[in-house]
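Mind the numbering: the sequence shown is residues 0 to 288 in numbering that gives the first Met the number 0, read in order. Even glycine gets a Cβ: it sits at the ideal position worked out from N, Cα and C.
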Amino acid sequence: MLSEPPAIYGIIGTPLAHSLSPLMHNAAFKALKVNAVYKTFELVDDEELKLFFEDLREKDNPTFGLNVTVPYKEKVLPYIDVIDPFADKVGAVNTLVIDHQRKIFGFNTDGPGFLSHLEELKFNPKDKRIVILGAGGTTRSILSVLCLINQKPTNIKIFNRTYSKAKALVDSLSSKIDMSNVEVVDNIEDLNVELADLLINTTSVGLKGEEKFLIDTTTLHKDMLVYDVIYNPKETPLLKAAKAKGAQTANGLSMLFYQGVLAFNHWAGTDIEDKYKKVMRQALEGGLK
Ligand SMILES: NC(=O)c1ccc[n+]([C@@H]2O[C@H](COP(=O)([O-])OP(=O)(O)OC[C@H]3O[C@@H](n4cnc5c(N)ncnc54)[C@H](OP(=O)(O)O)[C@@H]3O)[C@@H](O)[C@H]2O)c1
């Protein structure tokens, strides 16, 4: 870890006002006694993004690591010198490492972060039937990782409000990832939630706690895991309905945590110890109180 003052880390995107990443990473820097600070860099448009990267290349720029969030995870690709093979397949980057020569390395820790959480939940995707609601940036990472692991699901069905976007996502991923067990459905009933082992919501429905359901909640059942990538509120109406049906439920806070830990590991050049991970998790949980 580079610790000569002032080492800067941070997140680029917009909007960033509610990002919990500064809390999590600054807590880790403090616990590790590293003289570094994690900041938010709100970039309002592509022009600001371009100028930001021009500045990042400057020899005296003290920024050595960044997270990338909406809407720039794909837009940063042209600025990266070396892309990690997984991130290349996903076509999206959420973590950058910048070395002393100002060379920029890109990684994707969203997919692996999701997978780490599934492991924590003791959910093995092998031979499972998985259904996904939504086809945005989060689905891109989750779907990629689920199609690349050795523990292959039997099938993955995706439903999105805008069918063409889901189709385009799967088509674009297909050029680098085997998507033969993925089906985009046009009609939500064709998801067959009643037969699913895992339902993942990646849409923003539930973000405001609104009692709106994309699926028929009577199809939820006790032999499934219902995963909502939303973490605020902690329990979305979907998770509440799933719990009432006896299903195992999980929100997205641990996915956020694990992607953050994996990003931090890239910056540190090593895996951080469990005691520091605990500090990061506590900081995240504290940020939601
Ligand atoms: N836990 C984590 O670590 C983590 C990480 C990233 C994001 N998230 C959360 O994941 C959610 C999605 O983020 P994202 O980056 O994937 O967003 P995104 O790329 O903008 O995609 C949003 C998705 O939600 C769908 N959607 C939005 N409003 C809808 C509505 N009213 N009815 C039905 N579908 C609707 C969109 O459908 P259309 O294609 O039809 O527009 C699209 O599929 C957000 O709530 C975000 O906070 C969590």
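The segment 141 to 159 makes no contact with the segment 92 to 101; the number of CB pairs closer than 8 Å stays below 3. Distance check between leucine 48 and each of Ala30, Val75, Tyr37, Val89 places Val75 closest, using alpha-carbon atoms only. About 6 Å separates the CB atoms of tyrosine 71 and isoleucine 11; that is less than 8 Å, so the two are in contact.
In the three-state DSSP reduction, glutamate 57 falls in the coil class, being neither helix nor strand. Valine 278 is a Cβ neighbour of alanine 26, given a cutoff of 9 Å. About 7 Å separates the beta carbons of phenylalanine 212 and alanine 240, which is inside the 8 Å limit, making them a contact pair. Boundaries of the beta strand (DSSP E) harbouring asparagine 154: 154 to 158, taken from the DSSP string. According to DSSP, valine 183 shares a beta bridge with Ile157. Residue range 20 to 31 is occupied by the alpha helix (DSSP H) that includes asparagine 25. If you check the CB distance, isoleucine 214 and isoleucine 187 come in under 9 Å. Straight through space, the alpha carbons of threonine 248 and asparagine 231 are spaced by roughly 15 Å. Between glycine 135 and threonine 201 the beta-carbon gap is near 6 Å, inside 8 Å, which marks them as a contact. In the assembly as shown, glycine 208 is an exposed residue. Its beta-carbon has fewer than 16 other beta-carbons within 10 Å.
Taking 8 Å as the cut-off, the C-beta of glycine 110 does not count as close to any heavy atom of ligand 1. Following the DSSP letters along the chain, one finds aspartate 273 inside the alpha helix (DSSP H) bounded by residues 273 to 286. Per DSSP, reduced to three states, the secondary structure at valine 96 is strand.
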